[in-house]
Structure formats: C-alpha cells, structure tokens
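The block underneath contains the structure these notes are about, expressed in structure tokens.
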Amino acid sequence: MLELTTTRHNPLIDPSLHVWGWEIPVYLFLGGMVAGMMVFAGMAMLKTSKGEDTRNFFSLQTPLLAFMLLNVGMVALLLDLSHPLYVWAIYITFMPLSPMAWGSWVLLIVYAILLVSALIRLPEAWPWIGRTLPVTQKASDWFVCSPARMRALAWINIVFGVAVGVYTGILLNTMVARPLWNTSVLPVLFLVSGLSAAAAALHLAAKVFGKRPAPQGMISGALAALGQPLGPQPPAPHTAESLQRADIGLLAVELVLIFLLLIGLVTSSTSHGAAAGLLFSGKYAVMFWVGVVAVGIVVPLVMQLLEMSHRIRHTIAPAVLVLAGGFALRWVLVNAGQASAIVSAAAGR
Amino acid sequence: MTALSRRRFLKISAATFGAGAAATQIPPLTHLAHAAASPREVKTVATFCEMCFWRCAGIASVRDGKVWKFEGNPIDPQSRGRLCPRGSGAPGAINDPDRLRTPLIRTGERGKEAWKTATWDEALTYVADRMQKIKGAHGPESIAMLYHGIGVRFIQHVLKSYGCINMAGASFAQCRGPRDVGFNLTYGQGLGSPEPTDIENTDCLVLIGSHLGENMHNLQVQEFSNAVARRIPIIVVDPRYSVAASKARYWLPIKPGTDLALLLAWMNVLVTEGWYDKTFVAQHGTGFDKFVEEIKSATPEWAAKETGLDPALIRTTAREFALRRPASLIHPGRRVNWYGDDAQRSRAIALLNALLGNWGRRGGIHIQNGIKVAGYPLPKYPTSDKPFADNPNGEKYPFADEQVTTGIREATITGQPYPIKGWFVYSSNIIQALPNRAETLKAIDSLDLLVVVDTVPSEIAGYADVVLPESVFLERHDELQIGWGRRGWVSLRQPVVAPPHEQKPGWWIAKQLANKLGMPEVMPFNDIEEYLKARIEKSGWDWAKLKSEGVILGDRKPTTVEEGVQIAFETPSGKVEFWSQQLKDKGFDPVPKYTKHEEAPAGYFRLITGRAPVHTFSRTQTNTLLGDLMRDNEVWVNTATAAQIGLKNGAYVQLKNQDGIVSNKVRVKATQRIRPDTVYMVYGFGHTNPALKSAYMRGASVAGLTTKYKTDPLMGGTSIHSNFVTFTAEA
Amino acid sequence: MARFGMVIDTARCVGCMDCVVACQTENDVPTGFCRDWITTEVRGTFPSLTMEIRTERCNHCDNPPCVQCCPTGASHVEPFGRTVQVTANRCIGCKACIASCPYDARFVHPKGYVDKCTFCLHRTKDGKDPACVTVCPTHCMYFGDLDDPKSTVNQLLTSRKWHTLLPEAGTRPRVFYLT
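Protein chains in written order, with numbering that gives the first Met the number 0: chain A, 0 to 348; chain B, 0 to 730; chain C, 0 to 178.
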C-alpha cells in the first residue's frame, strides 16, 4: 500500500492539474477545422489549376470562412493567456524546440495565406468591389487564370494546413509529463479529426447557404459575402456527396487512430496505462465513449453510409454530430490529459 | 498584417537559426519579481523568538519598513543559528489580519462578542477599579493570574506587588508538571525547560510518545536528526507511526494507556538480566532492594498482555538501550499529562534512567549551567496569610511545586478556600488549554473581572470583560532571557518594527496599571531599556554590544561526570530514591504501580493528540504564513478501521465523545500510521471565536472533546488522553 | 561554469516545512502559493511501515521540458549555475511549461507570469546557499556544484545511496534524495 501526501496546494495545480480550461479545446477544435479547410481549399485550387471547375465552392470562400474561424480561435487563445500583454514576446525570437513557437509563426503565415486565398475570390463573392475597384478583379484574374500560381497557392495551403493540423498534436505529444498525450498517434489524430470537422462544416455550409445568390450592393454584398461563403453559384450536386465520401473515409480513419491510441497507451508504461484508464473508467469515460466515439464518429459514419446508399434521407444531422464529436474529442483530451500524470514506477507493492 | 515578403521571412529565420539551435536566443532580462539594479536596503535587528517557549535568538531583517524575514542567530545555543518553522513564520504574526488592534471593553453578555473600542486609559481604569473593588471586598488574593510566556514578567510583578498570590501556568498541570514532579521525587530536582537531554552524544535514544520532528523543540530536533544520521538505535514507543517512529530502528505501537507496564517490564528485564549500572546504584541509590521486590512481577510476558507488544521485542529493546549505558537515554518527554497517573509514570522513566546510570553522563541527562545576571532594585512583595487557593497548604496535591491552573479554576467555582473573583489571563488560551470547557465557563461566570492580554482574539479573549492587545514579540521589548543549558546565556528582546495599531508591550501595560493602582514605585523605570541596560551593565557587559549581537554567552563549564562534574541529589535521603519514603508517607505507591486505565466503549476509539511543526498550540492558526501551511487538522484513522466503518479518506466527519459532545467537522486521514483502536488529531484547531476569521471552525478541537479527565493526586496534573470518540455523519 | 544541484538527506528530513516558510519570506511568494513543499510516502501495512519524507521543488533539470516548450524563451537555462529560470517580462502565461513539468513544480503567479523555485539565484550570485538550505534545522539539505568533484554534493552522491524523482521522465533532474 502506498500513501502519498503533499503539502502543496497551488491553485490550478493541486489537487489535480487544470491550467487549461475551455479556451484551449475551443482553439484546438477551430484550429483543426481551419487546417482541414486549408487542405480542402488547396485540393480545390489544384483542380482549378488543372482547369476544372474554376468556380468550385471549396476554393471560393472556404479560405474566408477559415479566416473568420481562425480569428475566433485566436481570441480563445488570447483569453487563455495569463500574461497577455506580453504576447508580442513570441514574435521577437524563434525557439526551434518549442512546437508552440513553430505554431505561432506558422499561424502568422497562415493568416497571410488565408487572406490571399480569400481575397483572390473577393470580386466574385462581393460583386460590388469587383465593379468599383477593377484592380481587384485584375488581381483576382492574375491568380485564378494562372495554373502555375494556383498550383503554388494550392500547395502552400495544403502544406500549411497540414502544419496547423499537426503542430498542436505535436505540442501535446512532446509532454512526457502528461502520459495521455505522450503518443505519436496524437498529431495524426488531430489532423484527421480536423479534416473531418472541416468536411462536416463545409457540408453544413453547403446545405445551409447553398441556394442563395450574391446580393449586388456594397454593404449587403459585403455582409452577404461574409455570411455566405459560397458565392453566387450554388454548389454542384456532387459536392455534398464528395464531402460525404471524404468524411466517411476520414471518420473511419479516425476510429482506427483512436483504437491505435488506446492500444498504444495500454501497452506502454504504467503511467500510460493509468492514463488510458481515465478514458476507460472515471470521469471522462462517458464523454469519451458516448460523446467522442459513439455520437461523434460511429453514428455519423453509419448515417452517412446509409445516406450514400440512399437508405435514409440526406440531412445535416451527421455533419452536426461530427462537429460536436470533434469538439468533444478536444475537450476530453485536454482535460483528461491534464489529469494524467507519471505514476511513480515504485508505487505498487 | 500584410503577408511577409519571402526576403524578410528568410532574414528572420536565418538570424534566429544562425544564433544556435538549442540555446536561448535572447539574453534573459532581469526577473520582474526580483527587479532592482541596486539591492534594496536591509536593516537587521537581533531579538529572541516567542513563537514557543524555546525562545531561540534570531536576527530579523527589515526591508522597506517591513519585517522581511526572521532568521537564526549563529551564536544562540538554543538553536545553533537555525530557527524552526514557527520562528521563520514569525513575520506572519505581524500581518495577521485578525490580530487584536485596540483595547476592548465588553458591552453585552460574556462570550457574546459585543465590544466597544476603548482607549488604554479607559480600559486600564476599568481594570484598576474592578481590582480595587475585589481587593476591598475579598482581598488581593482573590485575583488570580493564568499565564504563559516570558512577556508576563512585569504584569505578574505588578500583581504580586498588589498582593496577588495565586498564579499558575498551564504548562505545569497540563503539560510538563507530572514529569518534573516524578524526576524530583527520584533525583531531587525537576528537569526544567529545556530538558537537559544529551541526544547529541547518546548511543541509544528511547522516545516514549515524544514525536520530535513534528514537535519542534529546536535543538532537540537538530540533535535527533544528528542521531539519525549517526545511525544509533532509536526506539520509539507510540500508538502512532510518528515521523520519529519512521526513523527509528524499533517502533513499538503500544496500546495507549499501558506505557507504565512497558516501563516496569523494562526495569524488570534490566534487573533480572543484570544489565543495569550496579556501580551507580550502589554509589548513588537507596531503597534498591525494596524497589526490586516491587517490580518483580512486571515481566515482559505480563506487560505483553497489557501493551499488545511482543515480549521478545520488549527484551530486545531493553538490551539495546541497557548495553549502551550510560550513554543511553530514555527521553523524559514534555507534555506528559496523559492518563492521570503521569507523575508516577514519569518517575518510572526517571528510575529507568537511573538504572542506566546516565545522570550527569555524556549521552544521558547532562548537568545544566546557567549564567549570573545582576538584578534590578524593585520593591519587595507583600506577604499573605492566606494559603494558595488551588492547593491550600499543599494538602490537596502534596508534591506540586508550582500552582495548578485547574485548581485555581476549581477554587473559583467552589469559592473554597476563599472566593476567587478576578482572573488576569496573559497569553494563555484557557478555553483550549484546560480540560472540560464547561467547567472553565462555569468558573468565568462567577468572576467579577476577567482581563485577557493577548495578541489574537483567542477563545478566552471572547469571554473577557477587558481585552488588552499586546504587540507581538517582533514589536516589543521584554525581560532578558536567562538561559540554562550546556552553557548559560542571556538574550535580548528589542523591537524590530513598531506595532501597527494600538498594541502595547507587556511592560508598558504593567507600568500603566501600576500607576492606576496607586503603586508607581513598583515600576520605577520610565522605559524598559533603562531596566535592561542597568541589569546588563551591572553584570559587567556592554549594552551596545548586546543590542547589536543579541546574545551574551556564559562561560563553558563542565556538564558531565566525564568532564569532572560531581553529581549530588537533593532528595530527603541525599540519594536517588528507588523506593520513595516520602511517597509512602503521603499514602502513594513508593514505586510506581501499573493501573489499567479505562477501555474504550464499543464503537469508540481513544483520542490521542500531539503537535504539528508549523503551529504552536492554538495561537498561530491565523498567522498568515503558518496558517497557509496548515489550515486545519485531520483525524487519523487506521485504514482498516476506516474501511470497516465506511469512512473515506478525505471525507469530512464529526466526532462525538463519550459525554455526547460533538466536534466540528474534520477531514478523515485514513492511514496505516496508527493503531486500529486509536484516533489522533493535532491540538489547537477547531477555533470557535468567529473573530479568528481564517481559523474559525477549521478542523476539530481536541480541547473541546476533552471533557473527561483524571487529576493526578500527587500534583494536580490533568489527563488529556482520557476521552473516547466515535464518528457521526457530517451535519 | 558551475552546474548547481541539491542533495537532500531524507533520513534527516522531518518534514517540518521550515524550508517552505523560509522560501515564502525570502522570495515574497504570495500567500496561498508555494515554490517548495513536503511530500511523504508511506509504504506497507500497519505495523510494518516505512516512510520517506522529502522536501521537493523545481528540479532544475539538465533536460528541461519546460525550457524546450517555451515559445518566447522566458523559460531558459541561466548561464550562471545552469539553473532553470523564468524571465517574467517575456512570459506570456501560455502555461505549456506547467503542463510539461512532470513534477508540477510551477504555478501561475497572481501577476500572470509563471513562477517557481529559482534556487535563490539572487543569493547564489552572492555566494550564499538558497534560503531553504540555509534555514533547515536538521541540516538535511546540501547545495553546490555538481561539476566540481570535490563539492559536498558530489561527495554525498558517491558515498550514499540516492534516487531522483521520476527518472523515467528523462528530465535528468538535479535534486538528489539520499536514502
């Protein structure tokens, strides 16, 4: 029997670590979604560069939607900081061993990429600006009509999208102190989950905003451009299906990755096994199995399969569940991860 | 922010990568927390601590007008330059937000905490008036004093000058009294404060209930730690696996109440096996044969039945300490008032040490040395015809050589031998210190005057008519500390900072009171520095040097027989009394006899208590530093017992004692570190005075549950381990 | 250049918390927070028990995850003594260092930056020992240069059995516990 006592009672640290609250799961979720959207946008841009479907809705205002979501995510991050007035300190140096430093600089670049990717489509979403400032139309054409430039922009989107998608996973992965995160499956899981969430979000957007034409006025056009990231064209009928197929694949892969995560934890050290225990039983078990696995992955996976084979009607339900599940995954991992700790090897006797 | 140009991006990355991958990229700036191009000015003042009776000398550092820290004084013999956590936490007493600020006069009923703020003049006039009334109606002997600490010196002097004779400290009847009486009966002297235990040089140390390490008797803990490092055999007898037990070679988890059986069995083994110091006994002992006769039947097998210990273990441990004599020590303990026969149990410890022949020996009980300090001319005290109220003519408690607090309390309730109508309480939380709170409250009811001098709103202050706020030790002068130990010393207390509100030092209170009572001549100096300086200079020392260094050391003198000391015993026989005629004459056992103490009723557990290293009794819980270290106590329950009853570790529960008294809720500590039939709580918690905001109702009060007690017939000591508790659901 | 480390004799340590109080006053640690603390480990079943008492704090590791994960370099290795320090006005309070520490040695200071034991850098620069080492009444704490073969800390590490905390974390801590 081991009795362990400590006199330490530091706020947020004792009796159990809890320095990251809702802000970090929100950011991780939105960041993952942004990463996924950048990958999809990049893939669509590749198609555009091959001459296919230049007005494909992925490449239209997906970057703009991603830009807005990223802003919300960054606000969440800023709210998490306990010494926010010094946030500039990240940008006067570069710490190559710090995944957060990498991520901070990458996000800076991502902002630029998203803005460029969104702005080149601006005249279509907001026809007023295209008419009023012909230079915007010219700039747009300069990009869109050049396969080489579109290809370059596409790959930049894909590469940085993947970077955003994995860096948070790497950040958590490097923390040997938190055995639940200390697995190299995590970065891949985050990326795949992010792609899945992006697919679901775009699918949702496609269903909700699909049929409306772009208003022509300045203010209304600007607002509409922000509010309906899909431009004047309704999405092609196969768009929802392609998203659904992508999502099915992504969900299936996610399930496999979660399986690998658990196997890995259970067959690693005592500490990793104890961390897995937080997911199998204890306060995070219900949220994990019901919220993340069942509601967030298995149910939407099955529903989308049935929808694909036209056994049930196509609804936005799976998309909503995937989004909920994606957030739940981040929430569980961030909270349970903080609760996990290295269990001294000599503890059992 | 616009997109970075490729050129700018590459420039940044080149610069940063180029500077070296793993090392930090920018030189760290000064820490905001320790900012300062130049260090802030620090002033140091020497003084001595009052966080406990050990009174270690220390050096206080003042920075920006505040006491920054309190550290040890390297030349202090009590502490060798290192303070205990209470000393280190002394600055927290200054910042205590709950500390008393101004004199208070009660406006409502006693104990209802209705006060009006008064000036010192108003408060002391009130006190003097009431005192004069009591003197007029009953005589000055009807005003008693209950006190603790060196700060009482001048207030006590004024009261004695006034004619008061009944003065008692709880440290006698509720703490070390039984021990000193037991040793006095055996060796002709008590052990005093601090005990002259030569742990530093001992080859075997036996602790009976003493939990050094949780009990922070500074020098003893240091010497104990050295003993552990020296890997000498340490034997700990304790129902609880204390810190000391964890460092012992042998832990005897004795059934509470049976220690005397173990001591008698040990003596039996030493005598039977011939492992005792025959020369010492022959040279210095008397009554040995009769003593042997008395302990003949106390075999280890008999003791095993009482104590629950293995007889082989009793023999083994006896051998360990016996064969290392005389540098072998049975520690006499300090707070020994456990079961009501404690003077006899302490006498048994004295006798066991005598069998080891360790009196005045290296590694045993060394001889103490003092230092001569000149006095100050003060008027003589008046004499009184009346007997002491607690123990008239020594008849009630024949061997008490100090006054008995609970005796004074009883006299107050009964009015016999004469009424006690006033209590002056100095720095002693009577409500938590004396057993059976109800009796204390009953006594208070019959008082015409209750004055409490304290630094915090203790429970007793809550019942006062007048509360007088004293400054904490870091803010005041006090009498010189004249120390006894391996060498004598004198230390000085002087203010480090001024008190923040209306608090005043004891000597000032005494002087004002003397004036009000029409006796200005008893406090003839205007400022206490006059008094202190006069004494120091008259003794031939440099006052300025003492103010700067804090301590004057006495000459090194021999402390052991090995160094040339001649031991002598001031018993009636002039020898170590293995068999005591004077005990027999008074109708007591001449050699300690074991009596079985009451067992716990079914479903109840004996409640035992002890100390935590960061607190002093019940008076440090609101200290900002110390309170944060330990906010409340816990009830230790054996893990198996807890499982049986359905108590979860960390859950809150209430304790109910055999008299139906229910405690405040307290957290359960389910642990293997205690016997299944016993529960333990640290003393001093469960405060009931709401003015102690950060300590109010935190933890449970052992004192509150100590309603049943036995009184030691030899000297009036009251037992503290006589209560049994069961668990009730948290209300 | 010196590489400071600490050796603690758990046989001597009684868990009195003097080190905790001394650190509080020396370093103006806000009430309710602590940079060092006492841990007790009890093993066995009554009455066959053993107990180890330790005073713990930041281990100033040789392979510090808290330095590696810091995005601004606020958490860094100080050249003098190679201790791990936090530059408050470079700290953004992202708390990655807190999550990365296997010993939970850090905390968020009320002023917003991350705080922890500094091995009393301001004292060691003057040739003094940290406050905790200086105050300890049982003399159970030793401080010195691990790269100096003649230092007391090294002598103790070669003459006594010792262990570190969570060696499996790979942090190579520089606080050693003699048993």
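For glycine and all other residues, C-beta sits at the position ideal for the given N, C-alpha and C.
Since the structure is predicted, the reported quantities are computational estimates derived from the model, not experimental observations.
> Just reading off the beta strand (DSSP E) that G482 of chain B is part of, what are its end residues?
Replying inline: Here residue 482 of chain B corresponds to residue number 483 of the second sequence, with the count starting at 1. Segment 480-482, the beta strand (DSSP E) holding G482 of chain B.
> Where does G505 of chain B land, buried or exposed, given buried means 16+ other C-beta within 10 angstroms?
Replying inline: Taking the second sequence and counting its residues from 1, one reaches residue 505 of chain B at position 506. Under this definition G505 of chain B is a buried residue.
>> Strictly below 9 Å CB to CB, what residues from chain A border I37 of chain C?
In response: Reading the third sequence from its first residue, position 38 is the one you call residue 37 of chain C. Here the neighbours are T4, T5, T6, R7.
>> I need the straight-line Cα distance from A347 of chain B to G181 of chain B, nearest angstrom please.
In response: Working through the second sequence from its first residue, we reach residue 347 of chain B at position 348. Working through the second sequence from its first residue, we reach residue 181 of chain B at position 182. Taking the straight line from one Cα to the other gives about 8 Å.
>> The beta strand (DSSP E) that contains C203 of chain B, what's its start and end?
In response: Translated into positions along the second sequence, residue 203 of chain B becomes position 204. According to the DSSP assignment, C203 of chain B belongs to the beta strand (DSSP E) that extends over 203-207.
> Can you check whether the CB of R314 of chain B is closer than 7 Å to the CB of P299 of chain B?
Replying inline: Translated into the one-based positions of the second sequence, residue 299 of chain B becomes position 300. Translated into the one-based positions of the second sequence, residue 314 of chain B becomes position 315. Against a cut-off of 7 Å, the Cβ pair of R314 of chain B and P299 of chain B comes out as a contact.
> Excluding five sequence neighbours on each side, which residues of the same chain lie with their C-beta closer than 8 Å to the C-beta of N26 of chain C?
Replying inline: Within the third sequence, numbered from 1, the residue matching residue 26 of chain C stands at position 27. Answer for N26 of chain C: R34, T117, C119, A130, listed in chain order.
>> What does the Cβ neighbour count give for A599 of chain B, buried or exposed, with the cut at 16 atoms within 10 Å?
In response: Within the second sequence, the letter at position 600 stands for residue 599 of chain B. Buried, by the Cβ-count rule.
> With respect to the alpha helix (DSSP H) encompassing Y125 of chain B, which residues constitute its N-terminal and C-terminal limits?
Replying inline: If you number the second sequence from 1, residue 125 of chain B lands on position 126. Per DSSP, Y125 of chain B belongs to the alpha helix (DSSP H) from 119-137.
> Going by beta carbon distance, what residues of the same chain come within less than 6 Å of L206 of chain B, once the five residues before and after it are set aside?
Replying inline: Stepping through the second sequence from its first residue, residue 206 of chain B is reached at position 207. Counting only Cβ-Cβ distances below 6 Å, and skipping sequence neighbours, we find V235, A243, H330.
> In the DSSP assignment, what residue or residues form a beta bridge with R53 of chain C?
Replying inline: The residue labelled residue 53 of chain C in the question sits at position 54 within the third sequence. Bridge partners of R53 of chain C: C:T38.
> Residues in its own chain within less than 6 Å of A34 of chain B by CB, not counting five upstream and five downstream?
Replying inline: Numbered from 1 along the second sequence, position 35 holds the residue referred to as residue 34 of chain B. Residue placement at A34 of chain B is flagged as unreliable, the pLDDT there being 43, under the threshold of 50; the coordinate-derived value follows with that caveat. Result list for A34 of chain B: empty, nothing under 6 Å.
> How would you call S308 of chain A, buried or exposed, if buried means at least 16 neighbouring beta carbons within 10 angstroms?
Replying inline: Numbered from its first residue, the first sequence carries residue 308 of chain A at position 309. Counting Cβ neighbours within 10 Å, S308 of chain A comes out exposed, since fewer than 16 surround it.
> CA-CA distance, L354 of chain B and K395 of chain B?
Replying inline: Locating residue 354 of chain B in the second sequence gives position 355, where the first residue counts as 1. Locating residue 395 of chain B in the second sequence gives position 396, where the first residue counts as 1. So the two alpha carbons sit approximately 31 Å from each other.
>> Here's a check: name, in chain order, each residue in its chain whose Cβ is nearer than 7 Å to the Cβ of A733 of chain B, leaving out the five neighbours to either side.
In response: Any question about residue 733 of chain B goes unanswered here, given that chain B covers just 0 to 730.
>> If we define contact as Cβ-Cβ less than 7 Å, is A20 of chain B a contact residue for chain A?
In response: Locating residue 20 of chain B in the second sequence gives position 21, counting from the first residue. Annotation note: pLDDT 39 at A20 of chain B (below 50); position unreliable, no value reported.
> Name the residues in the segment 607-619 of chain B whose C-beta lies less than 8 Å from a C-beta of chain C; which are they?
Replying inline: P612, V613
>> Between M73 of chain A and chain C, is any beta-carbon pair separated by less than 7 Å?
In response: Numbered from its first residue, the first sequence carries residue 73 of chain A at position 74. Output row for M73 of chain A: interface = no.
>> In the DSSP assignment, the beta strand (DSSP E) including G168 of chain B goes from what residue to what residue?
In response: Here residue 168 of chain B refers to the residue found at position 169 when the second sequence is read from its first residue. Per DSSP, G168 of chain B belongs to the beta strand (DSSP E) from 166-168.
>> So, with DSSP's three-state summary, where would you put S245 of chain B?
In response: If you number the second sequence from 1, residue 245 of chain B lands on position 246. Here S245 of chain B carries a helix assignment [DSSP, helix/strand/coil].
> What does a CB cutoff of less than 7 Å around L190 of chain B pick up in its chain, not counting 5 residues either side in sequence?
Replying inline: Residue 190 of chain B sits at position 191 when you count from the first residue of the second sequence. These residues qualify, in order along the chain: R178, D179, F182, P331.
> Among the residues of its own chain, which have a CB less than 6 Å from the CB of G102 of chain A, if the five just before and after it don't count?
Replying inline: As a working mapping, residue 102 of chain A is identified with position 103 in the first sequence. Contacts found: Y166.
>> Suppose only complete runs of 4+ residues qualify. What are the alpha helix (DSSP H) ranges in the segment 30-116 of chain B, listed by chain order?
In response: 84-87, 90-93
> S718 of chain B to G393 of chain B, Cα distance in whole Å?
Replying inline: In the second sequence, residue 718 of chain B corresponds to position 719, counting from 1. In the second sequence, residue 393 of chain B corresponds to position 394, counting from 1. Near 20 Å, if we compare the C-alpha coordinates of G393 of chain B and S718 of chain B.
>> Need the endpoints of the beta strand (DSSP E) that A669 of chain B sits in, please.
In response: For the purposes of this step, residue 669 of chain B is identified with residue 670 of the second sequence, where counting begins at 1. Run containing A669 of chain B: 665-670, per the beta strand (DSSP E) assignment.
> Are the beta-carbon atoms of P712 of chain B and Q343 of chain B separated by less than 7 Å?
Replying inline: Numbered from 1 along the second sequence, position 713 holds the residue referred to as residue 712 of chain B. Numbered from 1 along the second sequence, position 344 holds the residue referred to as residue 343 of chain B. The beta carbons of P712 of chain B and Q343 of chain B sit no closer together than 7 Å.
> If we count Cβ pairs, one from each stretch, closer than 8 Å, do we get three or more for the segment 87-97 of chain B versus the segment 52-69 of chain B?
Replying inline: Segments in contact, yes.
> What are the start and end residues of the beta strand (DSSP E) that includes S490 of chain B?
Replying inline: Numbered from 1 along the second sequence, position 491 holds the residue referred to as residue 490 of chain B. Residues 488-490.
> In three-state DSSP terms, what is W250 of chain B?
Replying inline: Within the second sequence, the letter at position 251 stands for residue 250 of chain B. It is a strand residue.
> Name the residues in the segment 75-92 of chain C whose C-beta lies less than 7 Å from a C-beta of chain A; which are they?
Replying inline: N88, R89, C90, I91, G92
> Name the DSSP beta bridge partners of F604 of chain B, please?
Replying inline: For the purposes of this step, residue 604 of chain B is taken as residue 605 along the second sequence, with counting starting at 1. Paired residues: B:V724.
> Do you know offhand how far A179 of chain C's Cα is from R56 of chain C's?
Replying inline: There is simply no residue 179 of chain C to check, as chain C begins at 0 and stops at 178 in what is shown.
> Got a sec: which bits of the segment 18-50 of chain C sit with their beta carbon under 8 Å from any beta carbon on chain A, in order along the chain?
Replying inline: Hits within the stretch, in order: V19, G31, F32, C33, W36, I37, T38, T39, E40, V41, R42, G43, T44.
>> Please report the straight-line C-alpha distance between N172 of chain A and G143 of chain C, rounded to a whole angstrom.
In response: Counted from its first residue, the first sequence places residue 172 of chain A at position 173. Counted from its first residue, the third sequence places residue 143 of chain C at position 144. The alpha-carbon atoms of N172 of chain A and G143 of chain C are separated by roughly 34 Å.
>> Against chain E, does F175 of chain C count as a neighbour if the rule is that its beta carbon must be under 7 Å from one of theirs?
In response: Going by chain labels, chain E is absent from the structure shown, which instead holds the protein chains A, B and C.
> Alpha carbon to alpha carbon, what distance is there between T178 of chain C and P252 of chain B?
Replying inline: Start at 1 with the first residue of the second sequence, and residue 252 of chain B comes out as number 253. Start at 1 with the first residue of the third sequence, and residue 178 of chain C comes out as number 179. Whole-angstrom Cα-Cα distance: 24 Å.
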